[in-house]
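In terms of the working numbering, the sequence shown opens at residue 432 and continues consecutively. Even glycine gets a Cβ: it sits at the ideal position worked out from N, Cα and C.
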Amino acid sequence: MRVIVVGAGVVGTMHAWQAVERGHEVVHIEREAEARGASVRNFGLVWVGGRAGGAELETALRARELWEGSGARVPGLGFRPNGSLTLVTNEAELAVARAATELPDAAERGYKLLDAAEARALNPALRGEFAGALWCERDGAVEPRVAQRALKDALLASGRYTFVGGREVREVTGPGAVRDDHGATHTGDAVVLCTGAWLGGLVRELAPKLPVRRVRLQMMQTAPLGEALTTSVADADSFRYYPAYRGEALTALAAAQQQTPVAAEHKMQLLMVQRADGGLTIGDTHEYAEPFNFDVVEDPYEHLGRPLPPIRHLWAGVYAQCVDPGRVVHRERATDGVWLVTGPGGRGITCSPAIAETTANELGW
Ligand SMILES: Cc1cc2nc3c(=O)[nH]c(=O)nc-3n(C[C@H](O)[C@H](O)[C@H](O)COP(=O)(O)OP(=O)(O)OC[C@H]3O[C@@H](n4cnc5c(N)ncnc54)[C@H](O)[C@@H]3O)c2cc1C
């Protein structure tokens with residue numbers, strides 16, 4: 432089989448990976464010279480802990496296994512099973528963490544409630560006063576700025592993979608066939624459009640009522656910390672944004688405690704992961720109303736408590752998210768021989784290996 436994959440973000444790259452793994456030939460077309468969308472702008476968190484129970488958690492756990500497998504074969508993508516700590520500072524937050532450890536699937540996530548001393552033993556870089564932490568052993572991380580390129584190099588080594596950069600796919604010309612903006616036609620047995628948050632143009636023509644929305648986030652990266660941040664770290668505002676944490680304890684937390692004004696204004700949770708060079712990637716804000724601001728603003732970073740190394744990079748990114756929170760991804764047969772896969776939202780890094788595996792199974796690759 433010959434598969435045409437459009438879009439070289441993580442979703443497209445994982446589809447290419449699945450097809451090549453199954454012995455097929457892949458032509459991978461990307462509008463930019465290489466991936467430039469959400470897939471290189473994120474934390475690189477393989478975040479199992481925050482996922483909703485059921486299909487979403489199953490997808491994340493399967494994807495975590497696949498990341499570990501490809502990470503062992505492609506060390507350049509930087510997979511590490513570093514786990515995460517969500518720090519809690521008072522009784523109301525502690526109650527949400529405790530309730531999480533009592534979920535029926537808590538063991539699958541590797542949840543454990545730690546006191547402050549146990550959390551510091553796992554991650555000695557933690558400073559200040561806090562009451563404890565929710566440890567999620569199954570969380571991991573990759574290096575988003577280089578992961579796609581590392582996977583691409585491994586795919587090229589297979590001899591069954593061709594990367595066509597700098598070409599925008601404009602038109603479907605027949606079953607399994609597309610034309611790019613240089614006038615070249617690419618023909619295969621299947622086309623998979625993994626075009627991320629670009630919902631206009633060809634995607635709108637093919638799927639005018641796509642059930643996804645776009646979300647913009649701000650991020651920053653510091654100079655090296657000068658010590659190891661051995662786990663990823665989240666603050667208790669994360670309980671408000673991740674679907675894993677529902678129920679009475681969260682309702683009580685929301686009633687007892689407002690987010691700080693800047694966190695509420697930017698719909699923030701604080702997530703932090705250490706990069707391979709020792710710098711910290713820190714975010715994230717959420718903006719839902721379009722047109723999005725084009726500025727990267729400073730005030731979310733005044734929210735950070737601990738003295739930090741100087742900020743080296745500031746950027747924003749946009750992802751596409753299924754409007755139905757119960758859907759992990761939107762996958763549809765757009766027309767004969769052409770499938771569209773988009774909308775993994777803030778879990779695209781976490782889930783894409785398993786999303787691509789499901790596409791491959793459903794299409795009989
Ligand atoms: C700031 C931020 C932080 C995030 N943090 C995390 C995280 O820690 N963990 C997690 O699991 N998820 C995270 N996410 C979500 C995750 O990054 C996305 O879900 C994922 O990257 C989406 O991948 P994609 O391949 O669908 O899209 P993209 O990475 O946007 O890739 C789409 C590609 O398609 C190309 N393209 C579009 N149209 C065409 C065309 N017509 N022809 C050719 N090429 C085309 C684009 O140029 C682009 O390269 C975050 C997202 C953001 C923005």
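Three-state secondary structure (DSSP) of SER669 = Taking the sequence shown and counting its residues from 1, the one referred to as residue 669 is at position 238. In the structure shown, the three-state DSSP call for SER669 is helix.
query = Pairing CB atoms from the stretch 730 to 740 with CB atoms from the stretch 685 to 700, are three or more of them under 8 Å?
reply = Judged by Cβ distances under 8 Å, the stretch 730 to 740 makes contact with the stretch 685 to 700, as three or more pairs qualify.
task = Decide if the stretch 572 to 579 is in contact with the stretch 470 to 479; the criterion is three or more beta carbon pairs, one per stretch, under 8 Å apart.
result = The stretch 572 to 579, when compared against the stretch 470 to 479, does touch it at the 8 Å Cβ threshold.
task = Go to HIS617, then tell me how far its beta strand (DSSP E) extends in each direction, as first and last residue.
result = Counting from 1 along the sequence shown, the entry for residue 617 is found at position 186. From DSSP, the beta strand (DSSP E) with HIS617 extends over 616 to 618.
task = Pick out whichever of ALA564, TYR719, TRP448, GLY502 has its Cα sitting closest to the Cα of TRP796.
result = Along the sequence shown, one-based indexing puts residue 796 at 365. Per the Cα distances, TRP448.
query = Where in the stretch 598 to 679 do unbroken runs of the beta strand (DSSP E), each at least 3 residues long, occur, reported from the N-terminal end onward?
reply = Considered as a whole, the stretch 598 to 679 harbours 600 to 605, 608 to 611, 616 to 618, 621 to 624, 643 to 653, 663 to 665 as its complete beta strand (DSSP E) runs of no fewer than 3 residues, in chain order.
task = Throw me the rounded Cβ distance for the TYR672 and GLN700 pair, which I believe falls under 8 Å.
result = Within the sequence shown, residue 672 is the residue found at index 241, counting from 1. Within the sequence shown, residue 700 is the residue found at index 269, counting from 1. About 5 Å; that satisfies the 8 Å criterion.
query = Is DSSP giving LEU701 helix, strand or coil here?
reply = Numbered from its first residue, the sequence shown carries residue 701 at position 270. Per DSSP, reduced to three states, the secondary structure at LEU701 is coil, with no helix or strand assignment.
ask   = Can you tell me the Cα-Cα spacing of ASN792 and ARG511, whole angstroms?
value = If you number the sequence shown from 1, residue 792 lands on position 361. If you number the sequence shown from 1, residue 511 lands on position 80. The C-alpha of ASN792 lies about 27 Å from the C-alpha of ARG511.
key: First through last residue of the alpha helix (DSSP H) which encompasses GLY514   = Residue 514 sits at position 83 when you count from the first residue of the sequence shown. Neither: GLY514 is in no alpha helix (DSSP H) and is coded neither H nor E.
inquiry  = In this structure, how does DSSP classify GLY475 when only helix, strand and coil are distinguished?
reply    = For this step, residue 475 is matched to residue 44 along the sequence shown. Taken through DSSP and simplified to helix, strand or coil, GLY475 comes out as coil.
request  = Would you tell me roughly how many angstroms separate the C-alpha atoms of ASP755 and ARG558, rounded to the nearest one?
outcome  = Position 324 of the sequence shown, counted from the first residue, corresponds to residue 755. Position 127 of the sequence shown, counted from the first residue, corresponds to residue 558. If I take the Cα positions, the gap works out to 39 Å.
task = Below 8 Å on the Cβ atoms is my guess for ALA548 versus LEU637; work out the distance and round it to an integer in Å.
result = Numbered from its first residue, the sequence shown carries residue 548 at position 117. Numbered from its first residue, the sequence shown carries residue 637 at position 206. The pair is not a contact, with the Cβ atoms about 56 Å apart (cut-off 8 Å).
request  = Give the secondary structure of THR691 by DSSP, where H, G and I count as helix, E and B as strand, and everything else as coil.
outcome  = Position 260 of the sequence shown, counting from 1, holds the residue named residue 691. THR691: coil per DSSP, three-state reduction.
key: Delimiting residues of the alpha helix (DSSP H) encompassing HIS446   = As a working mapping, residue 446 is identified with position 15 in the sequence shown. HIS446 -> alpha helix (DSSP H) spans 441 to 452.
request  = Could you tell me whether any non-hydrogen atom of ligand 1 is closer than 6 Å to the CB of ASN473?
outcome  = Taking the sequence shown and counting its residues from 1, one reaches residue 473 at position 42. For ASN473, the CB falls within less than 6 Å of some heavy atom of ligand 1.
ask   = Are the Cβ atoms of GLY627 and GLY500 separated by less than 7 Å?
value = Reading the sequence shown from its first residue, position 196 is the one you call residue 627. Reading the sequence shown from its first residue, position 69 is the one you call residue 500. The answer is no: Cβ separation not under 7 Å.
request  = Compute the distance between the beta-carbons of PRO740 and THR653, then report whether it is under 7 Å.
outcome  = Position 309 of the sequence shown holds residue 740. Position 222 of the sequence shown holds residue 653. Yes. Within cutoff.
ask   = Using a Cβ-Cβ cut-off of 7 Å (strictly less than) and excluding sequence neighbours within five positions of ARG495, which residues of its own chain qualify?
value = Taking the sequence shown and counting its residues from 1, one reaches residue 495 at position 64. Closer than 7 Å at the Cβ level, and outside the excluded window around ARG495, lie VAL477, VAL479, ARG569, GLY571.
query = Going by beta carbon distance, what residues of the same chain come within less than 6 Å of GLU718, once the five residues before and after it are set aside?
reply = Translated into positions along the sequence shown, residue 718 becomes position 287. The residues are ARG647.
key: Rounded C-alpha distance that separates VAL664 from ARG706   = On the sequence shown, residue 664 is found 233 positions in, with the first residue counted as 1. On the sequence shown, residue 706 is found 275 positions in, with the first residue counted as 1. Taking the straight line joining both Cα atoms gives about 13 Å.
message = Please return the same chain residues whose Cβ sits closer than 6 Å to the Cβ of MET432, not counting the five positions on each side in sequence.
response = For the purposes of this step, residue 432 is taken as residue 1 along the sequence shown, with counting starting at 1. The residues are HIS455, ASP620.
query = Would you say the beta carbon of ALA439 comes nearer than 6 Å to a heavy atom of ligand 1?
reply = In the sequence shown, residue 439 corresponds to position 8, counting from 1. True, at least one ligand heavy atom lies under 6 Å from that Cβ.
inquiry  = Taking its Cβ as the centre, do 16 or more other Cβ atoms sit within 10 Å of ARG576, making it buried, or is it exposed?
reply    = To locate residue 576, count along the sequence shown from 1; it is residue 145. Buried: at least 16 other Cβ atoms inside 10 Å.
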